[in-house]
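Chemist:
2 protein chains.
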Amino acid sequence: MENERPGAYEALKLQNQVCFPVYACAKEIVRQYGPFLKDLGLTYTQYLVMLVLWETETVCSRDLSKKLHLDYGTLTPVLKRLDGAGLLTRERDPGDERLLTIRLTEEGRRKKEQAARVPHAVAGCMGLTMEEFGQLYLLAYKALAHMEKRNEEHTGGKNNVNG
Amino acid sequence: MENERPGAYEALKLQNQVCFPVYACAKEIVRQYGPFLKDLGLTYTQYLVMLVLWETETVCSRDLSKKLHLDYGTLTPVLKRLDGAGLLTRERDPGDERLLTIRLTEEGRRKKEQAARVPHAVAGCMGLTMEEFGQLYLLAYKALAHMEKRNEEHTGGKNNVNG
DNA sequence: CACAAGCGAATTGTGCACAATCAATTCGGA
DNA sequence: TCCGAATTGATTGTGCACAATTCGCTTGTG
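Those protein sequences? They're chains H and P, same order as listed. Per the numbering used here, the very first residue in the first sequence carries number 4; after that it's consecutive. Per the numbering used here, the very first residue in the second sequence carries number 4; after that it's consecutive.
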């Protein structure tokens with residue numbers, strides 16, 4: 004088994020994986036948000052939805068899905084709960100009945116104040132310098148953009164089959 | 004509402020969050036693994052467990068939990084499935100009946116060959132240079148280490164209540 | 001109008017992920 | 001020896017996360 008050429012399985016060692024620390028780091032970040040968001044009565048995913056709404060007031064479901072990289076199977080129940088909590092409303096677009104318009108309520112708007120100090124608090128948990136935050140931000144977005152593009156090519160690329 | 008001092012809510016904009024691209028990037032990475040791991044008959048979490056076993060042959064449940072940053076509520080069903088698939092065995096440590104010893108089977112060992120090319124393939128999906136991979140790796144581990152330390156301080160810190 | 005094609009969402013099923021809780025085991029004293 | 005505290009890990013309940021499927025709506029074509 005170990006008579007292979009040396010390093011044949013080096014890439015499989017956990018220490019040599021780039022993906023694992025990113026994956027573990029993301030989970031750890033969500034966990035750091037936990038206590039702060041509990042005060043707001045939100046989960047991390049619900050908080051992401053609220054971030055978008057605090058910025059735009061209204062958004063259609065399709066755009067929300069694209070912005071947050073979440074599909075409808077995830078968003079539908081999340082939006083139902085936030086609607087149930089009175090933080091947003093869901094209504095069909097009169098112009099196109101397929102589209103769902105999500106709108107921030109007054110109660111949802113009030114949460115914005117409480118939430119304002121959360122990002123800084125969580126950033127402090129991570130122990131990175133400003134410069135490191137900047138690097139991490141750019142690297143994550145660069146990888147994200149590349150993978151996003153790949154996905155589009157592979158699903159939209161069906162047309163390429165026929166030349 | 005917008006009469007606040009300018010920038011009071013800047014930190015709440017999705018674009019200004021560092022956490023979001025890391026979170027989205029991690030999910031996107033797991034998705035990129037999908038097709039490759041499907042050939043192996045593994046999910047991403049199951050693959051992580053196998054990575055550890057391919058390296059160490061045996062591991063106790065506590066160490067696995069710490070290495071992968073996963074608690075028993077997550078690991079127990081994952082290990083059950085991998086046991087059911089014949090890739091590992093679970094047995095109690097004779098010396099300490101609380102400990103669970105997880106052992107790679109011959110069938111599990113065979114999967115290692117198929118898996119050997121997966122890391123490189125996924126790395127290619129991310130579109131980063133070698134240098135960028137190195138940076139991302141270091142930044143993620145640095146943040147991870149800092150948050151890990153914080154967690155220990157806060158749970159072990161119960162004793163501080165009594166002075 | 002009729003109808004095929006394709007999109008937007010909802011539903012269903014599987015598998016994490018973790019908090020909270022509980023049970024069993026071990027260990028440290030008195 | 002026996003009791004109390006700490007550790008390990010299994011269970012339960014909630015909430016993502018996504019693939020696959022389904023259904024209603026819109027749009028393009030004749």
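Glycine included, C-beta positions come from ideal geometry on N, C-alpha and C.
1) On the CB-based measure, 16 or more other CB atoms within 10 Å of its CB, does HIS123/H come out buried or exposed?
2) Check whether the segment 10 to 29 of chain H and the segment 78 to 87 of chain H are in contact - that is, three or more C-beta pairs closer than 8 Å.
3) What residue does the alpha helix (DSSP H) around GLU31/P start on, and which one ends it?
4) Short of 6 Å in beta carbon distance, which residues of its chain neighbour VAL33/H, apart from the five on each side in sequence? Order them along the chain.
5) Report the residue ranges of all beta strand (DSSP E) runs contained in full by the segment 45 to 122 of chain P; include only those spanning at least 3 residues, in chain order.
6) LYS152/H: buried (16+ other C-beta within 10 angstroms of its C-beta) or exposed?
7) Within 8 Å, do at least three Cβ pairs link the segment 105 to 113 of chain P to the segment 41 to 57 of chain P?
8) Show which residues of chain H have a CB atom less than 7 Å away from the CB atom of GLN138/P.
9) Can you have a look at GLU31/P and say buried or exposed, based on whether 16 or more other CB atoms are within 10 angstroms of its CB?
10) Hey, would you say LEU43/P sits closer than 8 Å to ALA143/P, going by beta carbons?
11) Can you tell me whether DSSP reads LYS16/P as helix, strand or coil?
12) Give every residue of the same chain whose Cβ lies closer than 7 Å to the Cβ of LEU78/P, excluding the five residues on either side of it in the sequence, and list them in chain order.
13) When you compare the CB of ALA14/P with every CB in chain H, is at least one pair closer than 8 Å?
14) Looking at GLY130/P and HIS149/H, is the spacing between their C-beta atoms short of 8 Å?
15) If we call anything under 8 Å between Cβ atoms a contact, is LEU102/P one with ARG95/P?
16) From GLN49/H to GLN138/H, what distance separates their C-alpha atoms?
17) Does the beta carbon of ALA11/P sit closer than 8 Å to a beta carbon anywhere in chain H?
18) Between the C-alpha atoms of PRO80/P and LEU45/H, what's the straight-line distance to the nearest angstrom?
19) For GLU13/H, which residues of its own chain have a beta-carbon under 7 Å away from its beta-carbon, when the five flanking residues on both sides are left out?
20) For VAL62/P and LEU15/H, I'd like the C-alpha separation in whole angstroms.
21) Ignore the nearest five residues each way along the sequence and tell me which others in THR108/P's own chain have a CB closer than 7 Å to its CB.
22) Checking contacts by CB at 8 Å: is THR158/H closer than that to chain P?
Modeler: Checking against the coordinates, here is how it stands:
1) For the purposes of this step, residue 123/H is identified with residue 120 of the first sequence, where counting begins at 1. Around the beta carbon of HIS123/H, fewer than 16 other beta carbons lie within 10 angstroms, which makes this residue exposed.
2) Taking 8 Å as the limit for Cβ pairs, the verdict is that the segment 78 to 87 of chain H does not touch the segment 10 to 29 of chain H.
3) Looking up residue 31/P in the second sequence gives position 28. Element bounds for GLU31/P: 22 to 43.
4) Mapped onto the first sequence, residue 33/H falls at position 30. Here the set comprises TYR47.
5) Entirely contained in the segment 45 to 122 of chain P, the beta strand (DSSP E) runs reaching 3 residues are, in chain order, 61 to 63, 91 to 95 and 103 to 107.
6) Translated into positions along the first sequence, residue 152/H becomes position 149. Exposed, by the Cβ-count rule.
7) Yes, the segment 41 to 57 of chain P is in contact with the segment 105 to 113 of chain P.
8) Position 135 of the second sequence, counting from 1, holds the residue named residue 138/P. Close partners of GLN138/P in chain H (Cβ separation under 7 Å): GLN138 and LEU142.
9) What you label residue 31/P is simply residue 28 of the second sequence in a count that begins at 1. So GLU31/P ends up on the buried side.
10) On the second sequence, position 40 is the one that residue 43/P refers to. On the second sequence, position 140 is the one that residue 143/P refers to. Annotated as distal: LEU43/P and ALA143/P, with beta-carbon spacing of 8 Å or more.
11) In the second sequence, the residue the question calls residue 16/P occupies position 13. It is coil, neither helix nor strand.
12) Here residue 78/P corresponds to residue number 75 of the second sequence, with the count starting at 1. Taking C-beta separations shorter than 7 Å and ignoring five residues to either side along the sequence, the partners of LEU78/P in its chain run SER64, LEU67 and SER68, following chain order.
13) Numbered from its first residue, the second sequence carries residue 14/P at position 11. By this cut-off, ALA14/P is an interface position.
14) Sequence index remark: in the first sequence, residue 149/H carries index 146 (1-based). Sequence index remark: in the second sequence, residue 130/P carries index 127 (1-based). Their beta carbons are under 8 Å apart, which means HIS149/H touches GLY130/P by this criterion.
15) Numbered from 1 along the second sequence, position 99 holds the residue referred to as residue 102/P. Numbered from 1 along the second sequence, position 92 holds the residue referred to as residue 95/P. In terms of Cβ geometry, LEU102/P and ARG95/P form a close pair [threshold 8 Å].
16) Locating residue 49/H in the first sequence gives position 46, counting from the first residue. Locating residue 138/H in the first sequence gives position 135, counting from the first residue. Across the structure, GLN49/H and GLN138/H are spaced so that their CA atoms are roughly 27 Å apart.
17) Looking up residue 11/P in the second sequence gives position 8. With 8 Å as the cut-off, ALA11/P counts as an interface residue toward chain H.
18) Walking along the second sequence from the start, residue 80/P turns up at place 77. Walking along the first sequence from the start, residue 45/H turns up at place 42. Looking at the two C-alpha atoms, the distance is approximately 27 Å.
19) Residue numbering aside, residue 13/H sits at position 10 when the first sequence is read from its first letter. Contacts found: ASN19.
20) In the second sequence, counting from the first residue as 1, residue 62/P sits at position 59. In the first sequence, counting from the first residue as 1, residue 15/H sits at position 12. Straight-line Cα distance between these residues: approximately 16 Å.
21) Mapped onto the second sequence, residue 108/P falls at position 105. Within the same chain, THR108/P has close Cβ partners GLY89, LEU90, LEU91 and THR92.
22) Residue numbering aside, residue 158/H sits at position 155 when the first sequence is read from its first letter. Annotation note: pLDDT 49 at THR158/H (below 50); position unreliable, no value reported.
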